[in-house]
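Residue numbers (the working numbering): 26 to 313.
The beta carbon of each residue, even a glycine, is placed where N, CA and C say it ideally should be.
Given the structure is predicted, the values throughout are model-derived calculations rather than measurements.
See below for the structure under consideration.
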């Protein structure tokens, strides 16, 4: 589900499983006290005087740009530096290390302060690690073929006549029924591969799934895929949130939560999201 570039097999499987899993009833499992002392000098850091941030390698767009997390470009790189700034660190004080997706939420000591790697917050993972509050809530995305008559749609209303496919046991079915309200019956498939096959075989005009999966499919599975756009849907239970991952019972978790809260209240996080996951990724918000 890492987008707009071809993923390595292991990472793709891990991330697609995360993105496409049925929605859990579990709410955010972030821990840490919001009243923690968060002066830069008092932070519980992996290495004194620097903020050590982990992600996987390669690092793909739109989450990172040019496989260089340290350049500040791409959604997750920008978020990491924004959190660092809230914690009192300059860009030069942020040091990046490599941590594979699968290893990140394994039990044990970590060689980083937090990991940012499209990691969904789940209660199972939170038994072994801490999560911050969510910094990204996945929208629903619409994916079609570049040759489709729906490729240029700019609104949900323009998709009413489309034959749409979704994956079983996800919120996408309800999102399509309640937000797009298509005139044709929604086709339900067992796997993402089945959805893609139906699209390429012209059995459906478009597929709807979470945006991380849309990014991945558009780059890695379809040579002629076109992201029509994205839309929010809050009626299907708990949304999929990405959280910063920290060592279990980290003394930094509460301070990271405070940093994210400030980014949300100031509008900075929304601006970063729009810049890298809407404008730069060519995935516009679809109007009603």
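Quick one: give me the first and last residue of the beta strand (DSSP E) that residue 177 is part of. That residue, residue 177, is in no beta strand (DSSP E); it is neither H nor E in DSSP.
Going by C-alpha to C-alpha distance, which of 110, 81, 156, 249 sits closest to residue 176? 249
Using a 10 Å radius around the Cβ and a threshold of 16 neighbouring Cβ atoms, would you call residue 208 buried or exposed? exposed
Between residue 129 and residue 142, which are expected to be in contact by the criterion C-beta below 8 Å, what is the C-beta distance as a whole number of angstroms? 6 Å
Note the first and the last residue of the continuous beta strand (DSSP E) segment covering residue 159. 154 to 162
Counting only beta-carbon atoms, is residue 230 nearer than 8 Å to chain D? Reference to chain D is not applicable here, since this structure consists of a single protein chain.
Secondary structure, alpha helix (DSSP H): runs of 4+ residues fully inside the segment 219 to 273: 236 to 241
Taking DSSP as the reference, what is the three-state secondary structure of residue 293? helix
So residue 19 and residue 108 are supposed to be a Cβ contact under 8 Å. How far apart are they, rounded? Since the first residue of the chain shown is 26 and the last is 313, residue 19 is not available in this structure.
Check whether the segment 229 to 237 touches the segment 188 to 196, counting contact only when three or more Cβ pairs, one atom from each stretch, lie closer than 8 Å. yes
Going by C-alpha distance, which of 132, 300, 304, 168 is nearest residue 152? 132
Candidates 112, 93, 243: which alpha carbon is nearest residue 282's? 112
Tell me, please, which residues DSSP counts as bridged to residue 184. According to DSSP, which records beta bridges pairwise, residue 184 is partnered with nothing at all.
Limits of the unbroken beta strand (DSSP E) element including residue 212: 212 to 214
Please state whether the Cβ-Cβ distance between residue 275 and residue 69 is less than 8 Å. yes
Over what stretch of residues does the beta strand (DSSP E) that includes residue 364 continue unbroken? This structure leaves residue 364 out entirely; the chain is present only between 26 and 313.
Can you pull the DSSP bridge partners for residue 139? 78
Determine the extent of the alpha helix (DSSP H) in which residue 110 is found, giving its start and end residues. 100 to 112
In terms of alpha-carbon separation, which member of 122, 65, 63 lies closest to residue 84? 122
Between the alpha carbons of residue 139 and residue 303, how many angstroms are there, rounded? 25 Å
When the distance is taken between beta carbons, is residue 211 closer than 8 Å to residue 221? no
Please work out which residues of its chain come closer than 7 Å, Cβ to Cβ, to residue 287, disregarding the five sequence neighbours upstream and downstream, and give them in chain order. 111
Considering only the alpha carbon of each residue, which of 206, 199, 193, 269 lies closest to residue 219? 193
Which of the three DSSP states is assigned to residue 299 in this structure? helix
The beta strand (DSSP E) spanning residue 201 covers which residue range? Premise fails: residue 201 is in no beta strand (DSSP E) and is neither H nor E.
Could you give the residue range of the alpha helix (DSSP H) that holds residue 209? It is not in any alpha helix (DSSP H) - residue 209 carries neither H nor E in the DSSP assignment.
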